[in-house]
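Trainee: Numbering (my numbering), first residue to last: 41 to 398. Handing you this structure, nothing more for now.
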Ligand SMILES: *Cc1c(COP(=O)(O)O)cnc(C)c1O
């Protein structure tokens with residue numbers, strides 16, 4: 041079968057969750073599943089990680105989809121609602137919401153909900169993105185505390201800008217700001233994403249919010265997940281669909297970007313940029329064939345890539361080609377395209393078939 045397959049190892053997912061717990065034993069865990077579970081399948085992840093204390097999605101739609109799929113855990117919409125319709129749906133389906141802007145408080149004050157809603161109060165400490173800015177926090181907090189449609193206490197959160205750079209003082213600065221602002225606030229607190237869960241116990245507080253590490257990747261540059269005891273959850277594989285013996289002096293692929301310096305075997309793998317392999321991937325990036333890392337050569341096409349088989353002369357048509365997985369860390373592949381594992385995962389196209397590892 042020539043359809044590429046993303047194989048999902050649910051044991052690895054449970055294992056990575058236990059790694060989170062080992063780093064942050066005293067915190068509750070909000071498992072982050074936004075963007076289709078970082079491309080791993082949102083319902084699959086939610087129905088597997090029953091040990092989670094809650095699930096975090098980005099948008100209300102994602103939360104409602106989980107509810108429809110029968111997920112009963114607490115779910116947090118991390119960008120909150122943006123109109124009345126969404127707010128009403130959140131109240132009705134028990135979706136917790138992040139409140140980051142005044143207009144959301146206006147909606148809460150001016151409308152009656154079927155039942156009170158749980159609110160995560162987001163404050164800005166230095167990411168420069170979502171959250172109440174420092175000069176608006178106190179007033180927003182008072183308005184929310186006075187609002188009868190909100191369950192008390194609220195949870196206060198902020199998001200870290202540079203936790204993946206452990207020598208950057210920004211994380212300590214954000215933590216200090218967070219603690220100062222929230223000193224008089226009631227209720228649980230949350231700050232850490234994967235990088236801070238691993239590197240900065242002071243940020244763990246009441247709730248940690250891991251995404252990346254649950255799927256098995258390391259948040260730090262020049263590292264792979266296994267360096268932190270994490271296991272890759274996904275193996276992306278396809279197969280060799282053709283092997284060509286190309287004479288010296290001939291070129292391979294669009295734009296003639298690879299010229300054979302000698303007669304050589306070139307494998308064609310059925311996986312291209314329409315499947316989620318970045319088109320800007322650097323030549324030389326490894327593809328695993330029969331356990332051998334064969335370099336990508338030539339340009340990535342829509343449905344295919346070409347690999348140098350000189351180090352794998354016994355390869356034959358139908359052999360499995362692994363694009364990333366436990367033996368070929370996704371961090372290495374991401375670097376080859378000057379991007380991140382997050383970006384590779386969420387760009388896997390719908391024509392890739394997902395299967396669970398038996
Ligand atoms: C995506 C996200 C996370 C998870 O970050 P990772 O780096 O994947 O661990 C945590 N909190 C918020 C608010 C997020 O948007």
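Glycine is no exception: its CB is placed at the ideal position from the N, C-alpha and C atoms.
Please determine whether the Cβ atom of residue 199 lies at a distance below 7 Å from any heavy atom of ligand 1.
Mentor: The answer is yes for residue 199.
Trainee: Out of 247, 163, 73, which one is the CA nearest neighbour of residue 13?
Mentor: For the chain, the structure presents residues 41 to 398; residue 13 sits outside this window and is missing.
Trainee: Taking one C-beta from the stretch 127 to 138 and one from the stretch 93 to 110 each time, how about it: are there three or more such pairs within less than 8 Å?
Mentor: With a cut-off of 8 Å, the stretch 93 to 110 and the stretch 127 to 138 count as touching, because enough Cβ pairs lie within range.
Trainee: Indicate, with yes or no, if ligand 1 has a heavy atom lying under 7 Å from the CB of residue 234.
Mentor: Residue 234 Cβ: within cutoff of ligand 1.
Trainee: Can you look up residue 333 in the DSSP assignment and give me helix, strand or coil?
Mentor: In the structure shown, residue 333 sits in a strand (DSSP, three-state: E or B).
Trainee: Please say whether residue 307 and residue 283 have beta carbons closer to each other than 8 Å?
Mentor: In contact: residue 283 and residue 307 (Cβ atoms closer than 8 Å).
Trainee: From which residue to which residue does the beta strand (DSSP E) around residue 199 run?
Mentor: Note, residue 199: premise wrong, no beta strand (DSSP E); not H, not E.
Trainee: Assuming residue 142 is part of the alpha helix (DSSP H), what are its boundary residues?
Mentor: Where residue 142 is concerned, the enclosing alpha helix (DSSP H) stretches over 142 to 150.
Trainee: Determine the contact status of residue 171 and residue 279, defining contact as a CB-CB distance below 8 Å.
Mentor: In this structure, residue 279 does not lie closer than 8 Å to residue 171 by Cβ.
Trainee: What is the DSSP secondary structure of residue 219, reduced to helix, strand or coil?
Mentor: Correct three-state label for residue 219: helix.
Trainee: Does the Cβ-Cβ distance between residue 339 and residue 293 come in under 8 Å?
Mentor: Cβ atoms of residue 339 and residue 293: closer than 8 Å.
Trainee: For residue 350 and residue 304, which I take to be in contact (beta-carbon distance under 8 Å), what is that distance rounded to the nearest angstrom?
Mentor: Their Cβ separation, rounded to whole angstroms, is 5 Å, which keeps residue 350 and residue 304 in contact under 8 Å.
Trainee: Are the CB atoms of residue 256 and residue 52 nearer to each other than 8 Å?
Mentor: Yes, the pair counts as a contact, with Cβ atoms nearer than the cut-off.
Trainee: Rounded to the nearest angstrom, how far is the Cβ of residue 368 from that of residue 326, given a contact under 8 Å?
Mentor: The Cβ separation is near 6 Å, so the contact holds.
Trainee: Rounding to the nearest angstrom, what Cα-Cα distance links residue 177 and residue 120 in this structure?
Mentor: One C-alpha to the other measures close to 17 Å.
Trainee: Along the alpha helix (DSSP H) that carries residue 50, what are the first and last residues, could you check?
Mentor: Where residue 50 is concerned, the enclosing alpha helix (DSSP H) stretches over 50 to 63.
Trainee: To the nearest angstrom, how far is the alpha carbon of residue 232 from that of residue 143?
Mentor: In a straight line, the C-alpha of residue 232 is about 26 Å away from that of residue 143.
Trainee: Can you tell me the Cβ-Cβ gap for residue 56 and residue 271, rounded? I've got them flagged as a contact below 8 Å.
Mentor: Correct: roughly 6 Å between the Cβ atoms.
Trainee: Out of 59, 82, 297, state which residue places its alpha-carbon closest to the alpha-carbon of residue 386.
Mentor: Here the closest residue by C-alpha is 82.
Trainee: Below 7 Å CB to CB, which residues in the same chain sit around residue 89 once its five sequence neighbours on both sides are set aside?
Mentor: Correct list, in chain order: 53, 57, 71.
Trainee: Going by the C-beta, is residue 72 closer than 7 Å to any heavy atom of ligand 1?
Mentor: True, at least one ligand heavy atom lies under 7 Å from that Cβ.
Trainee: Going by the C-beta, is residue 252 closer than 7 Å to any heavy atom of ligand 1?
Mentor: Answer for residue 252: yes, Cβ within range of ligand 1.
Trainee: Within this structure, are the beta carbons of residue 97 and residue 115 separated by less than 8 Å?
Mentor: Result yes, Cβ atoms of residue 97 and residue 115 sit closer than 8 Å.
Trainee: Have a look at the DSSP bridge pairing and note the partners of residue 122.
Mentor: DSSP, once it has assigned bridges, lists no residue as partnering residue 122.
Trainee: Between 391, 332, 210, 348, which lies nearest to residue 364 when the distance is taken from Cα to Cα?
Mentor: Comparing Cα-Cα distances from residue 364 to each of 391, 332, 210, 348, the minimum goes to 332.
Trainee: Could you check if residue 395 is buried or exposed, using at least 16 other CB atoms within 10 Å of its CB as the buried criterion?
Mentor: The residue is exposed, with fewer than 16 neighbouring Cβ atoms inside 10 Å.
Trainee: Buried or exposed: where does residue 249 fall if 16 or more other Cβ atoms within 10 Å of its Cβ makes it buried?
Mentor: Label assigned to residue 249: buried.
Trainee: Regarding residue 276 and ligand 1, is the C-beta to nearest heavy atom distance less than 7 Å?
Mentor: Because no heavy atom of ligand 1 lies under 7 Å away, the Cβ of residue 276 does not count as near it: no.
Trainee: Sort out for me which residues DSSP pairs residue 277 with in a bridge.
Mentor: Bridge partners of residue 277: 45, 362.
Trainee: Would you decide whether residue 353 is buried or exposed? Buried here means 16 or more other CB atoms lie within 10 Å of its CB.
Mentor: Exposed, by the Cβ-count rule.
Trainee: Taking all protein chains shown into account, decide if residue 214 is buried (16 or more other Cβ within 10 angstroms of its Cβ) or exposed.
Mentor: Buried: at least 16 other Cβ atoms inside 10 Å.
Trainee: Is it true that the CB of residue 224 sits closer than 8 Å to the CB of residue 197?
Mentor: Contact: no.
Trainee: In this structure, how does DSSP classify residue 185 when only helix, strand and coil are distinguished?
Mentor: Correct three-state label for residue 185: helix.
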